[in-house]
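Asker: Protein chains in written order, with numbering that gives the first Met the number 0: chain A, 0 to 164; chain B, 0 to 719. The beta carbon of each residue, even a glycine, is placed where N, CA and C say it ideally should be. Note that the structure is predicted; figures quoted are calculated from it, not measured. Once you've had a glance at the structure underneath, I'll fire off some questions.
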Amino acid sequence: MYNGAKMDKDTIEQFVTNSKRVGNANTLISKNEFLASFMQDDYEYVYIPAFNYYKKILIDKNGIKKAIVESNLAIAETGTVVIDNNDETLRRATSLAEELNIVVLSSSIVSFLEDSNELLNNLTKKDHAYITFITGASRTADIELVLAMGVHGPLRVNIIIITDA
Amino acid sequence: MKVNFFKRSDEFIKKIEEALEDKTLYNNLHTFSTNIRKTYKSVYEGLDFNLLRSKVNKSKEFSREERLELFEQFKQNVEKSGAKVYQAESSIDACKYITSICKNHNADYIVKSKSMTAEEIGLNKYLEANGLHPIETDLGEWILQLANERPSHMVAPAIHKNRKQVAELFRQHTKEDIDENDIEKMVKIARKYLREYFFKAKVGITGANIAVAQTGTIAIFTNEGNAELTTTIPPVHIVLLGYDKLVRDFKQAMNITRVLPKNAAGQIMATYVTWIKGQYPSIESKTGFKETHYVFLDNGRLSLFNNPVVQEAFKCIRCGSCANVCPVYGVVGGHVFGDVYTGPIGLVNTVLYGNNVRAKDLLKLCLGCKACSEICPAGIDIQKLISDLNIGLNEKYHTQLISDFTFSSILSKPNTFRSTMKVGSYLQTPLKLKGTDYIKFKNISITKNNTKILPAIAKKTFTELFKQYNYNKYNNAKKRVFFYPGCAIEYFYPYIGIALVKLLQKAEIAVDIPKKAVCCGLPSIHSGNSTSAKKAILENIQYMGDPENYDAFLVLCPTCGATIKEHFPLYLSANIPEFKKTDLMINKIKSLSMFLDENKIKLVPKNNLKITYHVPCHQNRSMHFSAEPLLKEIFKENFIPLVDADVCCGFGGSFSIDYPNISNAILNKKVENIIKTKADIVLTDCPGCIMQINGGIVERNLNIKVMHLSDFFEYNVDVE
């Protein structure tokens, strides 16, 4: 209980609520259903280590239409996914894809921001690290306070929660 | 350098007037501040804001020595990967170092993500003077770069611009055909246009919101994702940060992470938090790894980290929420209310890092409402910092505004003050508006909107009336309270004080008052004169009753109450008997509503008048008690809640006659909200607020009355 509030709901449900709040589309799907429906060709960049799917290209300034990547953790308190972005090809994919799809293993969903400290501490034991917290798609309200999406990042973020992994 | 002014610079006054006339600025700020206040409530729902912000406050609590230790730890951690750490003493030192790195890499183009520290050192101008091209990648900052303007807000830098102005800037720069109403399209154009620069640039420069010493990691918060691209494509990364960004570990970092986006933009979390350590992989780099430089900026910080008056300022997490709730900022904007740094903490930072000559004018813009201290997620009492620094500036620059001389020289001398007011009560007759008890005051140093309608000085003071009606002879009492009227009741609204006495006597409570009316000292403090404040306070405490003899100390002016609670102990800390008396007194200080509530004195309405309530700033933020729940209970469906009830009315004591134009602009919003309630009476428990709001009502000829709780209760409720 880090923030003075109790995480009394189901953690996945809490994550989905907060993920929806920032405009993400959220799908809950079993591992088998996901594997059955997954088409690698739909995406220019693929990085899903849990299922051994890789298609790592170097994206240039033209960007790509769709990427699908796996997150290390997801934080229910804020609807955030945590990605070890040390690999530059992955970093470019999370920024330069118009649509970013993120596979979240339900076992990786934690309750609070502090629950990501262990991962952060581990990754920063090395002499260099790059980790990104992503909460929704890129946005701005800099012009007259009108919300607009897709400034220097994806216009859309879709979360795919694998319920039994 | 001693500079004697009897007025502010003409240039400064002109800037204020121009800002007040700017419709775009007014509309954008009004929309923003109204919405964000609502959002703050919803984004912290279910959370204990005071607990969260005290955690942040503690997370950044370090002495200078501890900060330097954190720095050493951070440095060692990042140097392991070959990153360079440079300690810049001054702005120019930092600019020189950064420029030399860029030149070494033949970096014609440099991309930057938003950094207030870079603004502080004037980095862009320095790079451009050296033939380099820094490109701002945050959309708001890029818009301002095209317009060659400074940010007017720390988080929403281009809030003063409208879509038409932005479209015109884009048209000129990109030569594309731009529809000013298609904001989405404009953003797409910016996306495409700036994308080119991410790939052209040889160097990326960022700031850092947090620096975690234990692991050598920085955190950068953005919504656009520009920090990701700025730190990914170019082969070189320069991080510019002040030593004040350092914390110990990720636990402390998460305390900040939890609150920063909520206060900055009303978001549960920022879209991107980028955590970076050392020299991470970089495809464009010849070595395969980024060349990273950390430039730690001193610029005066190190000498101030142990300064007891200002050290709290270094806990600032740069969220900008103080500006969002500041009523003065809300009508004049950041180009007036600040310098490089804007908003309330911007006033403080201008004294710490910036131009002190400019600062002395800026600090006078503070109303003293404490909305900033209330919202700060790092728990900084920002208003106190402004007040303390104002005293320091006044001692040096002797900035005597019209009111300063009056208040600070006379208020501390009760006999002089009383006779001055007596003379004044006769002399004011020609100034009175016909058939009224009001005078119209004009500040001629301001050209537009320079009048205030204020109450006339009463013929008899409260003390005189109290004696005249023999209230001091009431002995049939169950309880005894001490009532401190304060100057407003004593000289302007004595009948409000008399109404209190009558009400209490109905409840069989006797009232004692000071033998001599002495000011509480706040006008002197507010005008920056601590010497006359001390005089007034020392004199005042002598005439306060012995706390042992009273059940409560009542005030009808929460500003006086706040001054006694917050300032008396500080001013009297070396005057031990007086300090002890104050300490005992403070526990018993109550406003009328607090006293009624605690003593469970039940009031029953005598009629069906519709009531609304304005919450005085000091009642809410210093006395910590709003009468709203009590009034709701008494008046039930005849009580109508006021929108933005706890937003300042714009009085601020002397502020209202020093800056009548700003005071009236703030008052305007309050009166509009009052009209919307359709109430018969607007109640409040501060005579200053009554002066202010009544002035607005009289000017508009409205059929609403403003009354203090005490004089409203006299005729409109029964004591059960």
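Since I believe B:HIS613 is in contact with B:ALA644 (beta carbons under 8 Å), could you give me their beta-carbon distance rounded to a whole number of angstroms?
Answerer: Counting from 1 along the second sequence, the entry for residue 644 of chain B is found at position 645. Counting from 1 along the second sequence, the entry for residue 613 of chain B is found at position 614. 6 Å between Cβ atoms; contact.
Asker: Using a Cβ-Cβ distance under 9 Å, would B:ARG190 count as near chain A?
Answerer: Position 191 of the second sequence, counted from the first residue, corresponds to residue 190 of chain B. At least one chain A Cβ lies under 9 Å of B:ARG190.
Asker: Would A:MET166 count as contacting chain B if we go by Cβ distances under 9 Å?
Answerer: Because chain A in this structure spans residues 0 to 164, residue 166 of chain A falls outside the shown range and cannot be described.
Asker: Would B:TYR492 and B:ILE512 be called neighbours here (beta carbons separated by less than 9 Å)?
Answerer: Residue 492 of chain B sits at position 493 when you count from the first residue of the second sequence. Residue 512 of chain B sits at position 513 when you count from the first residue of the second sequence. Their beta carbons are not under 9 Å apart, which means B:TYR492 does not touch B:ILE512 by this criterion.
Asker: DSSP three-state label for A:LEU146, please.
Answerer: Sequence index remark: in the first sequence, residue 146 of chain A carries index 147 (1-based). DSSP places A:LEU146 in coil when its eight states are reduced to three.
Asker: Can you find a CB in chain A that lies within less than 9 Å of the CB of B:GLN691?
Answerer: Indexing the second sequence from 1 puts residue 691 of chain B at position 692. Chain A contact via Cβ: absent.
Asker: So what does DSSP say about B:PRO150, is it helix, strand or coil?
Answerer: As a working mapping, residue 150 of chain B is identified with position 151 in the second sequence. If DSSP states are grouped into helix, strand and coil, B:PRO150 belongs with coil.
Asker: B:GLY277 CB to nearest chain A CB: under 9 Å?
Answerer: Counting from 1 along the second sequence, the entry for residue 277 of chain B is found at position 278. At least one chain A Cβ lies under 9 Å of B:GLY277.
Asker: Does the separation of the CB atoms of B:ILE673 and B:ILE696 fall below 9 Å?
Answerer: The residue labelled residue 673 of chain B in the question sits at position 674 within the second sequence. The residue labelled residue 696 of chain B in the question sits at position 697 within the second sequence. Yes, they are a contact pair.
Asker: Which of the residues in the segment 118-135 of chain A, read from start to end, lie with their CB under 7 Å from any CB of chain B?
Answerer: Residues passing the 7 Å Cβ filter: LEU119, ASN120, THR123, ASP126, HIS127, ALA128, TYR129, ILE130, THR131, PHE132, ILE133, THR134, GLY135.
Asker: Give me the Cα-Cα distance between A:HIS127 and B:ALA210, rounded to the nearest whole angstrom.
Answerer: Working through the first sequence from its first residue, we reach residue 127 of chain A at position 128. Working through the second sequence from its first residue, we reach residue 210 of chain B at position 211. Each residue's Cα considered, the two are about 14 Å apart.
Asker: Could you please give the first and the last residue of the uninterrupted alpha helix (DSSP H) stretch that includes B:SER743?
Answerer: This structure gives no information on residue 743 of chain B, because the portion of chain B shown stretches from 0 to 719.
Asker: For chain A, find out if any of its Cβ atoms is closer than 9 Å to the Cβ of B:ILE177; answer yes or no.
Answerer: Here residue 177 of chain B refers to the residue found at position 178 when the second sequence is read from its first residue. Output row for B:ILE177: interface = no.
Asker: Give, in chain order, every unbroken run of the beta strand (DSSP E) that is at least 3 residues long and sits entirely within the segment 49-134 of chain B.
Answerer: DSSP runs (the beta strand (DSSP E)) wholly in the segment 49-134 of chain B: 83-87, 108-111.
Asker: Tell me where the alpha helix (DSSP H) around A:GLU98 begins and ends.
Answerer: Here residue 98 of chain A refers to the residue found at position 99 when the first sequence is read from its first residue. From DSSP, A:GLU98 is part of no alpha helix (DSSP H) but of the beta strand (DSSP E) over 96-104.
Asker: List the residues of chain B that A:ASP86 touches, going by C-beta distances under 9 Å, in chain order.
Answerer: Counting from one through the first sequence, the residue named residue 86 of chain A turns up at place 87. Within 9 Å Cβ-Cβ: PRO280.
Asker: Under 8 Å Cβ to Cβ from B:ASN288, same chain only, skipping five residues before and after it: list those, please.
Answerer: As a working mapping, residue 288 of chain B is identified with position 289 in the second sequence. With the sequence shown as reference, residue 288 of chain B is identified as Phe, and Asn is not the correct amino acid for it. SER80, GLY81, GLN278, TYR279, PRO280, SER281.
Asker: Mind checking which residues open and close the alpha helix (DSSP H) that includes B:SER592?
Answerer: For the purposes of this step, residue 592 of chain B is taken as the residue at position 593 of the second sequence. Residues 591-597.
Asker: So for B:GLY649, helix, strand or coil by DSSP?
Answerer: Counting from 1 along the second sequence, the entry for residue 649 of chain B is found at position 650. Reduced to three states, the DSSP call for B:GLY649 is coil.
Asker: Kindly indicate the opening and closing residues of the alpha helix (DSSP H) around B:LEU228.
Answerer: In the second sequence, counting from the first residue as 1, residue 228 of chain B sits at position 229. Its alpha helix (DSSP H) spans residues 225-231.
Asker: Cβ of B:GLU632 within 8 Å of any heavy atom in the ligand PLP?
Answerer: Summarising the ligand content, the structure contains no ligands, and the ligand PLP is consequently not present.
Asker: In terms of residue numbering, what span does the alpha helix (DSSP H) encompassing B:GLY241 cover?
Answerer: Translated into the one-based positions of the second sequence, residue 241 of chain B becomes position 242. Taken as a continuous stretch (DSSP letters only), B:GLY241 belongs to no alpha helix (DSSP H), being part of the beta strand (DSSP E) at 235-241.
Asker: Name the chain A residues that come within less than 7 Å of B:LYS250, Cβ to Cβ?
Answerer: On the second sequence, residue 250 of chain B is found 251 positions in, with the first residue counted as 1. Going along chain A in sequence order, the residues near B:LYS250 (Cβ under 7 Å) are GLU113, ASN116.
Asker: For the beta strand (DSSP E) containing B:ASN354, list its first residue and its last residue.
Answerer: Residue numbering aside, residue 354 of chain B sits at position 355 when the second sequence is read from its first letter. Run containing B:ASN354: none; DSSP gives neither H nor E here.
Asker: Give the secondary structure of B:ASP710 by DSSP, where H, G and I count as helix, E and B as strand, and everything else as coil.
Answerer: As a working note, residue 710 of chain B is residue 711 in the second sequence. Reduced to three states, the DSSP call for B:ASP710 is helix.
Asker: So the alpha helix (DSSP H) B:THR766 belongs to, where does it begin and stop?
Answerer: Any property of residue 766 of chain B remains undetermined from this structure, which presents chain B solely from 0 to 719.
Asker: How would you write the range of the beta strand (DSSP E) that A:ASN25 sits in, first residue to last?
Answerer: As a first step, residue 25 of chain A must be located in the first sequence, where it is residue number 26. 24-28 is the span of the beta strand (DSSP E), which, as asked, contains A:ASN25.
Asker: Can you check whether the C-beta of A:THR26 is within less than 9 Å of a C-beta belonging to chain B?
Answerer: The residue given as residue 26 of chain A occupies position 27 in the first sequence. No, because no Cβ of chain B sits closer than 9 Å to the Cβ of A:THR26.
Asker: Our contact map puts A:ASP141 next to B:ILE142 with C-beta atoms below 8 Å; I'd like the distance itself, whole angstroms only.
Answerer: Residue 141 of chain A sits at position 142 when you count from the first residue of the first sequence. Residue 142 of chain B sits at position 143 when you count from the first residue of the second sequence. Indeed they touch by this definition, with Cβ atoms about 7 Å apart.
Asker: Using the DSSP secondary-structure output, state which residues sit across from A:ARG138 in a beta bridge.
Answerer: Counting from one through the first sequence, the residue named residue 138 of chain A turns up at place 139. In the DSSP output, where bridge partners are listed per residue, A:ARG138 has A:MET148.
Asker: Relative to the C-alpha of A:THR123, which residue among B:ILE100, B:LEU126, B:PHE73, B:ALA166 is closest?
Answerer: Taking the first residue of the first sequence as 1, we reach residue 123 of chain A at position 124. Taking only the C-alpha atoms, the option nearest A:THR123 is B:PHE73.
Asker: Based on Cα-Cα distance, which residue from B:LEU301, B:TYR340, B:VAL308 lies nearest to B:CYS318?
Answerer: Locating residue 318 of chain B in the second sequence gives position 319, where the first residue counts as 1. Nearest option by C-alpha distance: B:TYR340.
Asker: Mind listing the chain A neighbours of B:ARG357? Cutoff is C-beta to C-beta under 9 Å, in chain order.
Answerer: Here the question's residue 357 of chain B lines up with position 358 in the second sequence. None at all; the shortest Cβ gap to chain A is about 27 Å.
Asker: Once you ignore the five residues that flank B:PHE11 on each side, which residues in its own chain have a CB closer than 7 Å to its CB?
Answerer: On the second sequence, position 12 is the one that residue 11 of chain B refers to. Once the five neighbours on either side are set aside, the close Cβ partners of B:PHE11 are ASP360.
Asker: Pull out every residue of the segment 521-554 of chain B whose Cβ sits closer than 8 Å to any Cβ of chain A, in chain order.
Answerer: Hits within the stretch: zero.
Asker: On the DSSP bridge assignment, give the partners of A:ILE63 in chain order.
Answerer: The sequence position of residue 63 of chain A within the first sequence is 64, counting from 1. A:ALA96.
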